[in-house]
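Protein sequence lines correspond, in order, to chains A and B. Count along the first sequence from 1, add 740, and you get the number used in the numbering used here. Count along the second sequence from 1, add 740, and you get the number used in the numbering used here. No residue lacks a Cβ here, since even glycine has one placed at the ideal position from N, Cα and C.
2 protein chains.
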Amino acid sequence: MPGRGRGHGRGHGGGGLRPRWGRRMRVVEPLMLLLLAQKSAHGYRLVEQLAEDFGITDLPPQTVYRALQEMEASGWLSPTWDMDGAQGPPRKVYRLTPDGEAALEAWSTEMEQLGQMLDAFKDAYSRFRSR
Amino acid sequence: MPGRGRGHGRGHGGGGLRPRWGRRMRVVEPLMLLLLAQKSAHGYRLVEQLAEDFGITDLPPQTVYRALQEMEASGWLSPTWDMDGAQGPPRKVYRLTPDGEAALEAWSTEMEQLGQMLDAFKDAYSRFRSR
DNA sequence: CATAGTATTCACAAAATGTCAATACTCAAA
DNA sequence: TTTGAGTATTGACATTTTGTGAATACTATG
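Have a look at this one:
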């Protein structure tokens, strides 16, 4: 596993640095965190919810499981094994920790800044188009 | 250099696929394209403009130069060397090509979808907070 | 028993990023 | 005239992230 111990390579859940726009921005992670804040769930369920609630289909389940492992390593989630589920093998159910809630809040701030930048782009682009 | 020949690893300027949210999203590239659509410029200038117009400081110039090379390789930009600039070494001035304009448009669609997802996040998050 | 759906993890190749540094030209101060 | 600062661009290589394919496993149904 990558980084570890320092969130997601940045100050999430810790510092509160501003976004580094030079690199790509994550978008499924905050969504996952939000879903987990509302209700604990296991990876497979999250994949379904991302599709249902946010229309994110064609998402390799790997992406979700991997993100889950990273978040767990960051201390944002705590897992419990749910034996005896309706069917299939045991499920690893993740619950958001207090650190995870903090990370979600930090991330929502970042989403907001991203939104502002998007607005700036939109404005400038529409000005450009109607030139 | 990476991929090449097929845009940015995705259908920009070509296909018109919808975003793949599972991976990180680029944000400086569309901004660069927009700046170049308004006015041709060289890398160093773009770095300044990104800071002035969009508040993007702390951006490693490498990021910009690298993106410029990729976009040139994708046929979105065509460069000209500007000898005899006010001072310093020759500047490589990039102009947006028609393909580049198409890429900008495709990207703006994607930015819009990203904006919608951001709104969905925002709504869900504020509902969660006031629970 | 074979198969399909539910669930999770590992491993390795490929791609993207971070970083350090080399190269070069101009102007102004020492 | 040597030095240093600001302007500009590029290359190389280590590290991180992603993409992909597949292994493992349990349950219900045909």
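Next on the checklist: Bridge partners for Ser814 of chain A per DSSP, in chain order?
Outcome noted: Residue numbering aside, residue 814 of chain A sits at position 74 when the first sequence is read from its first letter. None; Ser814 of chain A has no bridge partner.
Checklist entry - Does Tyr805 of chain A have its Cβ less than 8 Å from a Cβ in chain B? => result In the first sequence, counting from the first residue as 1, residue 805 of chain A sits at position 65. Chain B, which has no Cβ nearer than 8 Å to the Cβ of Tyr805 of chain A, makes this no.
Item to check | Beta-carbon neighbours of Pro800 of chain B, restricted to chain A and to distances below 8 Å | outcome: Translated into positions along the second sequence, residue 800 of chain B becomes position 60. Correct list: Gly762.
Next on the checklist: Please identify, using Cβ separations under 7 Å, the residues of the stretch 822-833 of chain B that lie next to chain A, in order along the chain.
Outcome noted: In summary, no residue of the stretch 822-833 of chain B has a CB separated from any CB of chain A by less than 7 Å.
Item to check | Bounding residues of the beta strand (DSSP E) (the contiguous stretch that carries Val833 of chain B) | outcome: Looking up residue 833 of chain B in the second sequence gives position 93. Val833 of chain B -> beta strand (DSSP E) spans 831-836.
Checklist entry - Where does Trp761 of chain A sit, in a helix, a strand or coil, going by DSSP? => result Here residue 761 of chain A corresponds to residue number 21 of the first sequence, with the count starting at 1. It is coil, neither helix nor strand.
Checklist entry - Quick one, which of B:Lys779, B:Ile796, B:Ala813 has its alpha-carbon nearest Val833 of chain B's? => result Stepping through the second sequence from its first residue, residue 833 of chain B is reached at position 93. Measuring from the Cα of Val833 of chain B, the nearest candidate turns out to be B:Lys779.
Next on the checklist: Does any residue of chain B have a CB that is nearer than 8 Å to the CB of Val848 of chain A?
Outcome noted: What you label residue 848 of chain A is simply residue 108 of the first sequence in a count that begins at 1. Here residue 848 of chain A turns out to be Ser, not Val, going by the sequence shown. It does; some Cβ of chain B falls within 8 Å.
Checklist entry - Thinking C-beta only, is Ser848 of chain A closer than 8 Å to Pro770 of chain A? => result Here residue 770 of chain A refers to the residue found at position 30 of the first sequence. Here residue 848 of chain A refers to the residue found at position 108 of the first sequence. In this structure, Ser848 of chain A lies closer than 8 Å to Pro770 of chain A by Cβ.
Checklist entry - Smallest Cα separation from Gln809 of chain B: which of B:Leu773, B:Met857, B:Asp859? => result Your numbering for residue 809 of chain B matches position 69 in the second sequence. In terms of Cα proximity to Gln809 of chain B, the closest of B:Leu773, B:Met857, B:Asp859 is B:Leu773.
Next on the checklist: So, for Pro801 of chain B: in the same chain, excluding its five sequence neighbours on each side, which residues have a beta-carbon less than 6 Å away from its beta-carbon?
Outcome noted: Here residue 801 of chain B corresponds to residue number 61 of the second sequence, with the count starting at 1. So the list reads Val787, once near-sequence residues are dropped.
Item to check | Gln789 of chain B: first and last residue of the uninterrupted alpha helix (DSSP H) it sits in | outcome: The count along the second sequence starts at 1 and reaches residue 789 of chain B at position 49. For Gln789 of chain B, the enclosing alpha helix (DSSP H) covers residues 783-794.
Checklist entry - Which residues of chain B have a Cβ atom closer than 9 Å to the Cβ of Leu774 of chain A, listed in chain order? => result As a position in the first sequence, residue 774 of chain A is number 34, starting the count at 1. The contacting residues are Phe861, Ala864, Tyr865, Phe868.
Item to check | is_contact[Val787 of chain A, chain B] using C-beta, thresh 8 Å | outcome: In the first sequence, counting from the first residue as 1, residue 787 of chain A sits at position 47. Any Cβ of chain B closer than 8 Å to the Cβ of Val787 of chain A would place that residue at the interface, and such an atom is absent.
Item to check | Best match in B:Arg806, B:Thr820, B:Thr837 for proximity to Arg831 of chain B [C-alpha to C-alpha] | outcome: In the second sequence, residue 831 of chain B corresponds to position 91, counting from 1. Proximity to Arg831 of chain B across B:Arg806, B:Thr820, B:Thr837 peaks at B:Thr820, based on C-alpha coordinates.
Next on the checklist: What does DSSP give as the partner residue(s) for Thr820 of chain A in the beta ladder?
Outcome noted: Reading the first sequence from its first residue, position 80 is the one you call residue 820 of chain A. The bridge partners DSSP lists for Thr820 of chain A are A:Val833.
Checklist entry - Applying a beta-carbon distance threshold of less than 8 Å, which residues of chain B neighbour Pro770 of chain A? => result By one-based count along the first sequence, residue 770 of chain A stands at place 30. The answer, in chain order, is Phe861.
Checklist entry - How would you call Arg871 of chain B, buried or exposed, if buried means at least 16 neighbouring beta carbons within 10 angstroms? => result Taking the first residue of the second sequence as position 1, residue 871 of chain B is located at position 131. Residue environment for Arg871 of chain B: exposed (fewer than 16 other C-beta atoms within 10 angstroms of its C-beta).
Checklist entry - Measuring CB to CB, does Leu790 of chain B end up less than 8 Å from Leu776 of chain B? => result For the purposes of this step, residue 790 of chain B is identified with residue 50 of the second sequence, where counting begins at 1. For the purposes of this step, residue 776 of chain B is identified with residue 36 of the second sequence, where counting begins at 1. It is not a contact, given that the beta carbons lie outside the stated cut-off.
Next on the checklist: Please list, in chain order, the chain A residues whose beta carbon lies closer than 9 Å to that of Gly840 of chain B.
Outcome noted: Taking the second sequence and counting its residues from 1, one reaches residue 840 of chain B at position 100. Those within 9 Å of Gly840 of chain B in chain A number zero; the least Cβ separation is about 13 Å.
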